[in-house]
Amino acid sequence: RGSTTVRFYVNESDHLTLLNVMTHFLENGKSRQWAKDHFLHVPTLLRACEVQQQLLERMRLLGLPTLSCGPKGMDRVRQCVTSGFCLQSAQRSSSNWSEYRPLLNSGVVCYVHPSSAVYVRSEMPLYVVYHDLLLTTREYLVVVTAVERDWLIEASRGVFCTKSLTRDTKKASNAPPTSCGPHATLPAGVGNTASVGRSTQLGKPRQLPSVTAQPKGTMLPSKRRHNI
Numbered sequence: 001r002g003s004t005t006v007r008f009y010v011n012e013s014d015h016l017t018l019l020n021v022m023t024h025f026l027e028n029g030k031s032r033q034w035a036k037d038h039f040l041h042v043p044t045l046l047r048a049c050e051v052q053q054q055l056l057e058r059m060r061l062l063g064l065p066t067l068s069c070g071p072k073g074m075d076r077v078r079q080c081v082t083s084g085f086c087l088q089s090a091q092r093s094s095s096n097w098s099e100y101r102p103l104l105n106s107g108v109v110c111y112v113h114p115s116s117a118v119y120v121r122s123e124m125p126l127y128v129v130y131h132d133l134l135l136t137t138r139e140y141l142v143v144v145t146a147v148e149r150d151w152l153i154e155a156s157r158g159v160f161c162t163k164s165l166t167r168d169t170k171k172a173s174n175a176p177p178t179s180c181g182p183h184a185t186l187p188a189g190v191g192n193t194a195s196v197g198r199s200t201q202l203g204k205p206r207q208l209p210s211v212t213a214q215p216k217g218t219m220l221p222s223k224r225r226h227n228i
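In the UniProt record's numbering, the protein residues as written are 1 to 228.
See below:
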């Protein structure tokens, strides 16, 4: 079963992985047998097709063109995902390449869930957006997409900012490469001194105090946590 589902993986994004699954489902004529052969949930796929048709109909009524991004335009899809989930974003830890800290709450340590397509990468992306947090013995990011620093700045409309867009190439050279572009800090000092915050005045983000990692708690039952 594992090798059957891994064939759909897009290592930059769980969202693109789901899109890949749906594309194959449509190409196979919405075959229930095909879905069962690949251990996919048929009702969920059919519901996704219904939502797609509703969106296409809405675009038609608004007079918007429906264009495919094509196989080389997947970055556009990731950028759209960033626009929708920019406040549910996290930055990779500078000391542990498997740890992430939500940009709006850097005191929480999270990890990409092992079921994620992003989890199988040899190096983890510097920034991700996520759908949900799953709380077990650890905080897990669920349904994850690797994103670019500049996409977060643009999509957040002032929530995230940086004094300079110039990337620190000296620090980047010491970090392992990823497929998500050059390494750079988002707002200067995210992680140790967080300068990410909601704007108190237009164009003037509120400066937050330094935040350190909270001590690990006791084992907790699996449950969903409110998004940070």
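Glycine included, C-beta positions come from ideal geometry on N, C-alpha and C.
My output table needs one value for residue i: the three-state DSSP class, helix, strand or coil.
i           : result
residue 154 : helix
residue 20  : helix
residue 119 : helix
residue 92  : strand
residue 83  : helix
residue 5   : helix
residue 43  : helix
residue 49  : helix
residue 76  : helix
residue 57  : helix
residue 27  : helix
residue 15  : helix
residue 101 : strand
In whole angstroms, what separates the C-alpha of residue i from that of residue j?
i           : j           : result
residue 137 : residue 59  : 43 Å
residue 23  : residue 122 : 26 Å
residue 27  : residue 79  : 25 Å
residue 8   : residue 77  : 17 Å
residue 233 : residue 25  : Nothing can be reported for residue 233: it is not among the residues displayed for the chain, which extend from 1 to 228.
residue 40  : residue 47  : 13 Å
residue 50  : residue 107 : 40 Å
residue 42  : residue 104 : 37 Å
residue 62  : residue 44  : 27 Å
residue 56  : residue 69  : 15 Å
residue 52  : residue 73  : 19 Å
residue 17  : residue 37  : 18 Å
residue 116 : residue 64  : 33 Å
residue 15  : residue 96  : 25 Å
residue 10  : residue 158 : 30 Å
Under 8 Å, do residue i and residue j count as touching if we go by C-beta distance?
i           : j           : result
residue 140 : residue 161 : no
residue 119 : residue 90  : no
residue 13  : residue 146 : yes
residue 113 : residue 135 : no
residue 254 : residue 98  : Here the chain comprises residues numbered 1 to 228, so residue 254 is not present and cannot be evaluated.
residue 126 : residue 101 : no
residue 144 : residue 128 : yes
Counting Cβ pairs, one atom from each stretch, are 3 or more of them under 8 Å apart for the segment 145 to 163 and the segment 69 to 87? yes
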